Amino acid sequence: MRQGRTTLHFERGGFYADVENVNAMLCGRCGTRSVPGKMALKISAAVERLFRAGKDLDMTGISFHKLAS
Ligand SMILES: [Zn+2]
Numbered sequence: 004m005r006q007g008r009t010t011l012h013f014e015r016g017g018f019y020a021d022v023e024n025v026n027a028m029l030c031g032r033c034g035t036r037s038v039p040g041k042m043a044l045k046i047s048a049a050v051e052r053l054f055r056a057g058k059d060l061d062m063t064g065i066s067f068h069k070l071a072s
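For reference, each letter of the sequence shown is one residue, going 4 to 72 in the working numbering.
Below you can see the structure in the form of C-alpha cells.
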C-alpha cells in the first residue's frame with residue numbers, strides 16, 4: 004500500500020458526484036483504495052448534503068451532475 008490520491012464516485016437517484024484528489028492508501032497490485040475513517044466520514048457527509056439539495060453547492064469542491072438519461 005502506498006499514499007496517493009484517488010477519485011471517489013457516488014451515484015443516487017439520477018445524480019452523481021465525483022470527489023477528486025482524495026488522499027487514500029492505494030494498492031498497486033489489486034487496486035484496493037482505503038480512505039482514512041475521518042476523511043471518509045467528512046466526504047460522505049458532504050455528498051449526502053449534495054444529494055439532498057439535488058444541486059451543486061459551491062463550498063464542497065465536489066462536482067455534482069445529473070445523469071444523462
Ligand atoms: Zn492489494
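All C-beta atoms in this analysis are idealised placements derived from N, C-alpha and C, irrespective of residue type, glycine included. Values in this document were obtained by computation on a predicted structure and should not be read as measured data.
Check your understanding: Based on the DSSP secondary-structure assignment, which residues constitute the bridge partners of Leu75?
Key -> Lying outside 4 to 72, the shown extent of the chain, residue 75 is not represented and no answer is given.
Review point. Can you list, in chain order, the residues of its chain whose CB lies under 7 Å from that of Leu60, leaving out five sequence neighbours each side?
Key: Contacts found: Arg52 and Leu53.
Check your understanding: With a CB to CB cut of under 7 Å and the five nearest residues on each side skipped, what residues in its chain are close to Lys69?
Key -> Result list for Lys69: Gly17 and Phe18, in chain order.
Exercise for review: Tell me whether Arg32 counts as near ligand 1, meaning its Cβ is closer than 7 Å to at least one heavy atom of that ligand.
Suggested key: The closest heavy atom of ligand 1 lies less than 7 Å from the beta carbon of Arg32.
Review point. Got a sec? Which residues, its chain only, sit under 8 Å from Val25 by beta carbon, not counting five neighbours each side?
Key: For Val25, same chain residues with a beta-carbon under 8 Å away, outside a window of 5 residues either side, are Arg8, Thr9, Thr10, Leu11, Val38, Met42 and Ile46 in chain order.
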